[in-house]
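Peer 1:
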Amino acid sequence: MLQQKSFVIGSDPACDLALNQQDVLPRHLILQPRGEQWQASTLNLRAAAFINDRPLTGITLLHDGDRIRIGSITMTWHEQDLQGEMSTPWLGLLSILLVVLILMSALFVWFNFSGPNHPVNATPATVQKTKLQPDLQFQNLGENGHPLYHIVVPATGD
């Protein structure tokens with residue numbers, strides 16, 4: 012069973028396929044999944060559409076190679092294996108999310124545990140005593156309400 016949403020064709024820019032033609036109504040035609048197939052129907056009684064040069068009246072099931080004509084525009088319908096395609100984007104998005112989480116974890120570990128200023132087993136007291144620890148001093152709130160700090164970085168010439 013397809014879980015695809017309907018597909019609206021018309022001259023309205025909000026349509027899934029917007030056709031900038033005078034003979035195309037704002038919401039002219041809708042394509043909808045029906046079981047394992049797709050069906051087409053007009054969305055307006057004045058909307059003229061043709062499937063394989065026959066006027067579209069009511070609801071018509073689409074088949075591979077059908078020619079759909081709306082106004083002066085003709086499109087050819089091609090069926091594909093939508094089951095495989097529908098799972099692919101989710102797997103891709105999940106893969107991207109996993110890569111981002113792994114990279115963020117690696118950056119967190121690197122920034123928190125690298126360099127002489129960040130000992131691995133540091134407690135707040137030992138971090139404060141480290142030589143090159145900058146000193147942050149709160150000044151006041153800025154115009155946008157964000158806190159403003161004065162930072163003092165110790166000299167490194169010991």
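Residue numbers (my numbering): 12 to 169.
Glycine residues also receive a C-beta, built at the ideal position from the N, C-alpha and C atoms.
The structure presented is a predicted model; accordingly, all values stated were derived computationally and were not measured.
1. Among 112, 36, 79, which one has its Cα closest to the Cα of residue 56?
2. What residues match up with residue 37 in a beta bridge as DSSP calls it?
3. Which value, in whole angstroms, describes the spacing of the CA atoms of residue 38 and residue 152?
4. Starting from the Cα of residue 49, find the closest Cα among 58, 24, 83, 75 and give me that residue.
5. Give the DSSP-derived three-state secondary structure of residue 5 in the structure shown.
6. Taking the C-alpha atoms as reference points, what is the distance between residue 111 and residue 29?
7. Cβ atoms of residue 41 and residue 81: under 9 Å apart, would you say?
8. Taking residue 162 as the reference, which of 156, 154, 155, 149 has the closest Cα?
9. Is residue 20 helix, strand or coil when you go by DSSP?
10. Which value, in whole angstroms, describes the spacing of the CA atoms of residue 61 and residue 34?
Peer 2: Result, derived from the coordinates:
1. For the purposes of this step, residue 56 is taken as residue 45 along the sequence shown, with counting starting at 1. Minimum Cα distance to residue 56 is reached at 36.
2. By one-based count along the sequence shown, residue 37 stands at place 26. Partner(s): none; residue 37 has no beta bridge.
3. By 1-based counting over the sequence shown, the position of residue 38 is 27. By 1-based counting over the sequence shown, the position of residue 152 is 141. When rounded, the distance between both Cα atoms is 53 Å.
4. Against the sequence shown, residue 49 aligns to sequence position 38. Checked all of 58, 24, 83, 75; the closest Cα to residue 49 is 75.
5. Residue 5 lies beyond the residue range present for the chain, which begins at 12 and ends at 169; the question has no answer from this structure.
6. Against the sequence shown, residue 111 aligns to sequence position 100. Against the sequence shown, residue 29 aligns to sequence position 18. For residue 111 and residue 29, the distance between alpha carbons rounds to 35 Å.
7. Within the sequence shown, residue 81 is the residue found at index 70, counting from 1. Within the sequence shown, residue 41 is the residue found at index 30, counting from 1. Cβ distance not < 9 Å, so residue 81 and residue 41 don't count as in contact.
8. Taking the first residue of the sequence shown as position 1, residue 162 is located at position 151. That would be 149, whose Cα lies nearest to the Cα of residue 162.
9. Working through the sequence shown from its first residue, we reach residue 20 at position 9. Residue 20 falls in the strand class under three-state DSSP.
10. For the purposes of this step, residue 61 is identified with residue 50 of the sequence shown, where counting begins at 1. For the purposes of this step, residue 34 is identified with residue 23 of the sequence shown, where counting begins at 1. Approximately 13 Å between the Cα atoms of the pair.
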